[in-house]
Structure formats: C-alpha cells, structure tokens
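Asks: Going by numbering that gives the first Met the number 0, the letters in the sequence shown line up with residues 0 to 599, in that order.
If you scroll down you'll find the structure; I have some questions about it.
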Amino acid sequence: MWLRDLCYSRFSWIGRPLSGVFRGLGADLEAAGMRIHPEVYMSMVGFASLLSLTAIGGFVAITWLLYLLTGVMPLPLRLLVYAPWNLRLIILVALTSTPLLIILLGAAIPKLVASNRASKLRNEIPYASMYMSVMTSGGLSPYQSLMRMREIDLLPTLRDEMGRLQTIILSTGIDPVSAMEKAVKVVGIKEYKSLLLGYASIVRRGGDVLHYLYSQTESMFEDLSIRIKAMGERLSMLMEANIIVSILGALGLIMIFIVSLSLPSVGMSFTPEQFNLFSFLVLPMLSLLFMYLGDLVQIGGGGSTWKAYLYPIAAAPIAIFIASQTVLPHLIGLRPILPQLTALIERLNALLGLGEGSEAALGLALSLLAISIPGIIGDWLYAERDRKIFEGVTAFIRDIVETRKTGLSPERCIIALSEKDYGEFTPHLKRIALKLRWGMSLRSIFEEFRDRVRNWLSQVVIYFLIDAIEIGGGTEETLETLADFVERTGHLEQERRGLLAPLTFIPYIGAILLTSTTVIFLRFFANLTSLGGLGIPQVTLRKVLLTPLVLHSFILGLTTGKLGCSNRVSAGFKHSAILVIISLLGIWAASSILSLNFMG
Numbered sequence: 000m001w002l003r004d005l006c007y008s009r010f011s012w013i014g015r016p017l018s019g020v021f022r023g024l025g026a027d028l029e030a031a032g033m034r035i036h037p038e039v040y041m042s043m044v045g046f047a048s049l050l051s052l053t054a055i056g057g058f059v060a061i062t063w064l065l066y067l068l069t070g071v072m073p074l075p076l077r078l079l080v081y082a083p084w085n086l087r088l089i090i091l092v093a094l095t096s097t098p099l100l101i102i103l104l105g106a107a108i109p110k111l112v113a114s115n116r117a118s119k120l121r122n123e124i125p126y127a128s129m130y131m132s133v134m135t136s137g138g139l140s141p142y143q144s145l146m147r148m149r150e151i152d153l154l155p156t157l158r159d160e161m162g163r164l165q166t167i168i169l170s171t172g173i174d175p176v177s178a179m180e181k182a183v184k185v186v187g188i189k190e191y192k193s194l195l196l197g198y199a200s201i202v203r204r205g206g207d208v209l210h211y212l213y214s215q216t217e218s219m220f221e222d223l224s225i226r227i228k229a230m231g232e233r234l235s236m237l238m239e240a241n242i243i244v245s246i247l248g249a250l251g252l253i254m255i256f257i258v259s260l261s262l263p264s265v266g267m268s269f270t271p272e273q274f275n276l277f278s279f280l281v282l283p284m285l286s287l288l289f290m291y292l293g294d295l296v297q298i299g300g301g302g303s304t305w306k307a308y309l310y311p312i313a314a315a316p317i318a319i320f321i322a323s324q325t326v327l328p329h330l331i332g333l334r335p336i337l338p339q340l341t342a343l344i345e346r347l348n349a350l351l352g353l354g355e356g357s358e359a360a361l362g363l364a365l366s367l368l369a370i371s372i373p374g375i376i377g378d379w380l381y382a383e384r385d386r387k388i389f390e391g392v393t394a395f396i397r398d399i400v401e402t403r404k405t406g407l408s409p410e411r412c413i414i415a416l417s418e419k420d421y422g423e424f425t426p427h428l429k430r431i432a433l434k435l436r437w438g439m440s441l442r443s444i445f446e447e448f449r450d451r452v453r454n455w456l457s458q459v460v461i462y463f464l465i466d467a468i469e470i471g472g473g474t475e476e477t478l479e480t481l482a483d484f485v486e487r488t489g490h491l492e493q494e495r496r497g498l499l500a501p502l503t504f505i506p507y508i509g510a511i512l513l514t515s516t517t518v519i520f521l522r523f524f525a526n527l528t529s530l531g532g533l534g535i536p537q538v539t540l541r542k543v544l545l546t547p548l549v550l551h552s553f554i555l556g557l558t559t560g561k562l563g564c565s566n567r568v569s570a571g572f573k574h575s576a577i578l579v580i581i582s583l584l585g586i587w588a589a590s591s592i593l594s595l596n597f598m599g
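Printed below as a string of structure tokens:
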C-alpha cells in the first residue's frame, strides 16, 4: 500500500496523462479484479519506466567510468563501439525503447489478467449453475446460493466474483438483482451474463426460477461438450505443429552442421558451440511455447497438483551435479570435480556398447532419468492415483438417490452404501461412513476427505452433496438434480479423455522418427568417411548429434503430458523416461550399425 501512495504522490504527473491515453484501462482493471484506480496504477507503471531509464543510464555511466579509470574497455562498451552498425542500432533501439515498452506492457497486463480470469471463470460457471440448481431445488434462493459460493474455494475465480458482487451491493445500496445486472457489464462472458441476467429477468417477471436454472445448466453443459470437441481439434493441431517444428528443426540443424563440418571450404561456418546453442536452448524454448499455448487451449478443472513437482525439484540438484560430471566434461571439455563419476560413465558406456562419443548422451540420459523417476512418483501420489475416484463418486451419487427413495436419511444412506464396491472410492467411502457413525459433522468429514483425495471433480461433487444435505435437507429432488449433473460431468470427462488420448502416441512416433533419422545420418556419413570421400571426425559427430537427441526426447515426453488427456506437465515424466530410454536404444542401434559397417 505504501508503494501505491508513494508512486501516486510523487509520480501522478505521469499517471494522469497515461490513464487518459489508455481509456479502457479502468474497465480492464475491474474485470481483472485489480482494485486500484487507473491513475494510481499508471503512476506505478510510470515509476517503473523511470526506474528502468535510470538503471540504463547508470549502467552506461558506470561502464564508461570504468573505462576511463582502468583503460580497459568493458564488453558492453566494446559492443557499442566496435560491433557492426546494424547490431549497434539494434542495441541502441532496445536500450532507448525500454521505458516505452514497460509502459505498454504495464497497460497490457490488466487486459491479459482479465482474459486469463475470464477463461477460468468460463470453466467454473457450469459448476456454479449446477450448484445453484441443486441448492434451489432444496429451498435455498439463487441469490443465497451465489453468496454461499464465497465460501467455496474449489471455485476460486467465481468466489472472487461473488465477493465483487457483494461489494457492489454493500457500497451502492442497490438491490441484489440490480447489482447482478451491474456486475456482468465488465465481464465479457456470455454464459455468465446469461446466467445472472436471465435470473434477474425471471425474478422481475415472476417466472419459474428452478426450471430456468435447470435448463440453463443443461445448456451450459452442452456448450461445454462443444468446447471440449473444439479443444481436442486445437490440441491435435498444436501437437502436430510441435512435432513438425521439433523434428524438422532438429534435422535441419543436423544437415547444416554436417555440411559445415564436411565442407569448410564452402565458407559456411556452423560450429559445434552454435549447434549446441540451438539444440539446447532454441528448440526447447519452442517446445515450452507450445506447452503454454496448450495450457491456454485446455479446458479442465481448477484443481492444483503443484505438490507433484516437489519431487523432481528436490531431485534437480542431484541431476544437475550428475550432468556437470558426466555431460560437460565430454561435451565441452570441462574439468570434473569428481573424476571417478566421469570414469564410471565411460566404463558404463563401454559396457553397454554405445560406442565412443556417446558418453555425454549417456550421462544426460541418466541425469534426466534422475529427474523423471521422482516426477513419476510425485505425479502418481498427487494426481494419477486419485483420477479413477471420480468414477466411483458418480456411481455413488446415483445410488444414494435410489436409496434415499426408500425413506432413509441421507446419513443412513451413506452408511448403508459403504458396503458396496465403488472401486478406488470405496476406502474413502468407508472412512466417511465410519466418521458418520462417530457423530462427526459433515463439514469436518469433507475437510478430511479433501486432504486425502486430490481429484478436483471428486472434491466438488462431495462438497455439493454435503451442502445439499446440510442446506436442502438432502431431499429426493435435490439429490436427483445433483446426480443428473454429476453423470453429465462424468460423460464430459470421458469425452475429453477420449478425444485427447490419441495425441499421446504422436510424440512417440516423432521420437522414433528423429532417432532413426539420426542413425541413418551417422551411417551415411560413416560410409563417406570410410570411402575417403569426406573427412568427418566420427567421435565429434556422434558427440554433437546424439547428446541433444536425448534432451529432445525428454521434452517431447513433457509436451505429451501437457497437451495430452492429463493436462499436466507432471504426467509427462513417465513419457519422458520411456522416450529417453528409446533414444538410448537408438544410440545403441547407431553404434551397432556403424560397427557392422566398418567390419563389413
């Protein structure tokens, strides 16, 4: 808060005119949930811009002062003085335009945040409408259902939106229906507007609110089904584009490098260092870009599985140390801290028969496996293990409806159904029934269930069930409504996984294609060398070409997890481990083919 006050008090002379230039900034800030006045926000952006200008000027001044004092021209100053004119022009433009870029970026951030928030809200709205339908069938008004969503942290974006709605009511004193009409004006989501404005219209006309909510929820789930099909097509295109860029990019680099290495008289210079730069930096960055685009396209729940990444993060220092002792000494000649480890990888390489020049690739494979295996364990513990629980939850909700029709209370229905088999959900249901026999509250039982089960859809359904029992009394109509929409949610989840499952096989085809093509290249140029046509050092060629092959296979596996049916990078670790092993088999095949070639 003090930073806002300081920036506005000192730099409002920048913020006021800038907020006038970007006229839609106020609406973007409100849609993004950023509770700050446009003039104050642009004063902060102006302060950051002036700070960058001061930092650039100070850096140039210090660099020039060091040159005057020592007589040695620092590298940044040498670039400005001796670099080609086009490079100097690019550097000068980049330095001078940095403050302007910061202002443009600052003005664009609220719009980006609002877009991301709208995307999350669009995914949560069908479940909000489902919750309103269930609660309204139990006797709770839709407005009270909306206000109760402020307590549902399983729908975080909608919870914040309901907090904004309540703020409008309390700050302006208008009635809830008028507040809904005002709240939707800054949120450009058709489903959200249709839900609230339709409800407001029904209330004003005195129509059947429950029938409207039920039909609106059905319509939302139908639209969600259409969006899932469109998502499958977009992800398929992204996966294919990623494979094309990865394979063609890698093969293009291999061709340029080999031609440069075999025909130095042509004048083309593409050193191993430049090849490694493109292979280890540029191509992986492109894959990360495709993962980001896939994240924008994906439609999924709001659950977070960040704890699954703690395992590979914990293993990362060990993997980095292994790579520093087994990859860098063979790839760039770095002196190892632990020579025994370097010697061990050489003996292992000879034992596996991978051939001379494959030590760096083998070391990189072991380093990446040291990250992948903990990643597989973390993903299984925090995500994959609970995936099938939702299938049991869906069957349980339908059974509780039928059991409720016999006249048993909802709690007795749960206890009675705990003897049935619901697959992965069975042990959790038995635990819930045991807690009910002990007299524990449903809310405390849910909190314990949430700590043990990390599947987001299962958490949402059990939460809705508990609210339906606590607030609506768990009537047959309420539970029937809940069961209908839970079954529809299950069908959508099956449809989503069915559409995305075939994408899992594409990276395997790409990795096999890249590995086999690299092997063919090595054999082809080995033949040229043996015939005396070209003088290409085979050890250097194997070292430079085979090492990035392992990294590309690893990243293809992560891409599979993100763009596939799991929608998690952590789910890609198992694919990465398999693809790394496939790349090692390709290296072994290359060594065997080359050895047979020379023997023949």
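Beta carbons: idealized from backbone N, C-alpha and C, even for Gly.
Just so we're clear, the structure is a prediction, and the values are computed from it rather than from any experiment.
Taking 8 Å as the cut-off, does the segment 247-255 touch the segment 158-176 (at least 3 CB pairs, one atom from each stretch)?
Replies: Touching, no, given that fewer than three Cβ pairs across the two stretches are closer than 8 Å.
Asks: Does the segment 90-110 come close enough to the segment 11-28 to have 3 or more Cβ pairs within less than 8 Å?
Replies: Output reads yes: the segment 11-28 touches the segment 90-110.
Asks: Taking 8 Å as the cut-off, does the segment 124-133 touch the segment 210-222 (at least 3 CB pairs, one atom from each stretch)?
Replies: Counting Cβ pairs under 8 Å, three or more are found: they touch.
Asks: Look up residue 418 in the DSSP assignment and say whether it is helix, strand or coil.
Replies: Residue 418 sits at position 419 when you count from the first residue of the sequence shown. Correct three-state label for residue 418: coil.
Asks: Which parts of the segment 474-528 are runs of the alpha helix (DSSP H), unbroken and 4 residues or longer, counting only runs that do not cross its ends?
Replies: Entirely contained in the segment 474-528, the alpha helix (DSSP H) runs reaching 4 residues are, in chain order, 475-499.
Asks: What does the alpha-carbon distance come out to for the pair residue 321 and residue 186?
Replies: Along the sequence shown, one-based indexing puts residue 321 at 322. Along the sequence shown, one-based indexing puts residue 186 at 187. Their Cα atoms are separated by approximately 50 Å.
Asks: In whole angstroms, what separates the C-alpha of residue 468 from that of residue 455?
Replies: Translated into positions along the sequence shown, residue 468 becomes position 469. Translated into positions along the sequence shown, residue 455 becomes position 456. Those two C-alpha atoms are separated by around 20 Å.
Asks: Would you mind reading off the limits of the alpha helix (DSSP H) that contains residue 41?
Replies: Counting from one through the sequence shown, the residue named residue 41 turns up at place 42. Residues 37-69.
Asks: Helix or strand or just coil, what does DSSP make of residue 387?
Replies: Counting from one through the sequence shown, the residue named residue 387 turns up at place 388. DSSP places residue 387 in coil when its eight states are reduced to three.
Asks: Grab the span of the alpha helix (DSSP H) containing residue 408 for me, first residue to last.
Replies: Residue 408 sits at position 409 when you count from the first residue of the sequence shown. Note, residue 408: premise wrong, no alpha helix (DSSP H); not H, not E.
Asks: Enumerate in chain order the residues of its own chain whose CB-to-CB distance from residue 55 is below 6 Å, with the five nearest sequence positions on each side excluded.
Replies: Position 56 of the sequence shown, counted from the first residue, corresponds to residue 55. Closer than 6 Å at the Cβ level, and outside the excluded window around residue 55, lie 94.
Asks: Measure the alpha-carbon distance for residue 31 versus residue 116 and round it to whole angstroms.
Replies: Within the sequence shown, numbered from 1, the residue matching residue 31 stands at position 32. Within the sequence shown, numbered from 1, the residue matching residue 116 stands at position 117. Distance between the alpha carbons of residue 31 and residue 116: 7 Å.
Asks: Assign residue 95 to one of three DSSP states: helix, strand, or coil.
Replies: On the sequence shown, residue 95 is found 96 positions in, with the first residue counted as 1. Looking at residue 95 - three-state DSSP - the assignment turns out to be helix.
Asks: Residue 469 by DSSP, collapsed to three states: which one?
Replies: Within the sequence shown, numbered from 1, the residue matching residue 469 stands at position 470. Helix.
Asks: Per DSSP, what kind of secondary structure is residue 440 in: helix, strand or coil?
Replies: What you label residue 440 is simply residue 441 of the sequence shown in a count that begins at 1. Residue 440 falls in the coil class under three-state DSSP.
Asks: Could you say if the segment 409-420 and the segment 434-442 meet the contact criterion of at least three C-beta pairs nearer than 8 Å?
Replies: Touching, per the Cβ criterion.
Asks: Quick one: is the Cβ of residue 340 within less than 6 Å of any heavy atom of the ligand HEM?
Replies: Ligands displayed in this structure: none; no statement on the ligand HEM is therefore possible.
Asks: Which ranges does the alpha helix (DSSP H) cover as unbroken runs of at least 4 residues, wholly within the segment 103-176, from first to last along the chain?
Replies: Listed in chain order, they are 141-147 and 155-171.
Asks: Exposed or buried, what is residue 313 when buried is set at 16 or more other beta-carbons lying within 10 Å of its beta-carbon?
Replies: Position 314 of the sequence shown, counted from the first residue, corresponds to residue 313. Residue 313 should be labelled exposed.
Asks: Is DSSP giving residue 324 helix, strand or coil here?
Replies: As a position in the sequence shown, residue 324 is number 325, starting the count at 1. The answer is helix: DSSP assigns residue 324 an H, G or I state.
Asks: Helix, strand or coil for residue 565, going by three-state DSSP, please let me know.
Replies: Numbered from 1 along the sequence shown, position 566 holds the residue referred to as residue 565. Note: residue 565 maps to coil in three-state DSSP.
Asks: Inspect the beta-carbon positions of residue 219 and residue 128 and report whether they are closer than 7 Å.
Replies: On the sequence shown, position 220 is the one that residue 219 refers to. On the sequence shown, position 129 is the one that residue 128 refers to. Yes. Within cutoff.
Asks: Verify whether the separation of the beta carbon atoms of residue 378 and residue 307 is less than 7 Å.
Replies: To locate residue 378, count along the sequence shown from 1; it is residue 379. To locate residue 307, count along the sequence shown from 1; it is residue 308. Yes.
Asks: Select from 46, 253, 319 and 240 the residue whose C-alpha is nearest the C-alpha of residue 288.
Replies: Residue 288 sits at position 289 when you count from the first residue of the sequence shown. Here the closest residue by C-alpha is 240.
Asks: Roughly how many angstroms lie between the CA atoms of residue 542 and residue 358, to the nearest whole one?
Replies: Here residue 542 is taken as the residue at index 543 of the sequence shown, counted from 1. Here residue 358 is taken as the residue at index 359 of the sequence shown, counted from 1. Roughly 8 Å between the two C-alpha positions.
Asks: Among 392, 461 and 416, whose alpha-carbon lies nearest the alpha-carbon of residue 403?
Replies: Looking up residue 403 in the sequence shown gives position 404. Checked all of 392, 461 and 416; the closest Cα to residue 403 is 416.
Asks: Taking the Cβ atom as the reference point for each residue, do residue 362 and residue 393 lie within a distance shorter than 7 Å?
Replies: Within the sequence shown, residue 362 is the residue found at index 363, counting from 1. Within the sequence shown, residue 393 is the residue found at index 394, counting from 1. No.
Asks: Just to confirm, is the Cβ distance from residue 199 to residue 183 under 7 Å?
Replies: Counting from 1 along the sequence shown, the entry for residue 199 is found at position 200. Counting from 1 along the sequence shown, the entry for residue 183 is found at position 184. Result no, Cβ atoms of residue 199 and residue 183 do not sit closer than 7 Å.
Asks: If you draw a straight line from the alpha carbon of residue 98 to that of residue 53, how long is it in whole angstroms?
Replies: Along the sequence shown, read from residue 1 onward, the residue named residue 98 stands at position 99. Along the sequence shown, read from residue 1 onward, the residue named residue 53 stands at position 54. Going from the Cα of residue 98 to the Cα of residue 53 covers about 10 Å.
Asks: Of the choices 146, 153 and 151, whose alpha-carbon is the least far from that of residue 600?
Replies: Examination of residue 600 is not possible in this model, given that the chain is present from 0 through 599 alone.
Asks: Cutting at 7 Å between CB atoms, please list the residues of its own chain near residue 369, excluding the five before and the five after it.
Replies: Sequence index remark: in the sequence shown, residue 369 carries index 370 (1-based). Here the set comprises 314, 317, 318 and 321.
Asks: Would you tell me roughly how many angstroms separate the C-alpha atoms of residue 179 and residue 195, rounded to the nearest one?
Replies: Your numbering for residue 179 matches position 180 in the sequence shown. Your numbering for residue 195 matches position 196 in the sequence shown. Spanning the two alpha carbons is a distance of roughly 6 Å.
Asks: To the nearest angstrom, report how far apart residue 597 and residue 584 are at their CA atoms.
Replies: As a working mapping, residue 597 is identified with position 598 in the sequence shown. As a working mapping, residue 584 is identified with position 585 in the sequence shown. Any reading at residue 597 must be qualified, since the residue scores a pLDDT of 43, below 50, and its modelled position is unreliable; the value itself is stated next. Distance between the alpha carbons of residue 597 and residue 584: 20 Å.
Asks: Counting only the same chain and skipping the five closest in sequence on each side, list residues whose C-beta sits under 7 Å from that of residue 488.
Replies: Looking up residue 488 in the sequence shown gives position 489. The residues are 456.
Asks: Return helix, strand or coil for residue 353, following the three-state DSSP convention.
Replies: The residue labelled residue 353 in the question sits at position 354 within the sequence shown. Note: residue 353 maps to coil in three-state DSSP.
Asks: Measuring CA to CA, which of 549, 439 and 295 is closest to residue 118?
Replies: By one-based count along the sequence shown, residue 118 stands at place 119. The option with the nearest alpha carbon to residue 118 is 295.
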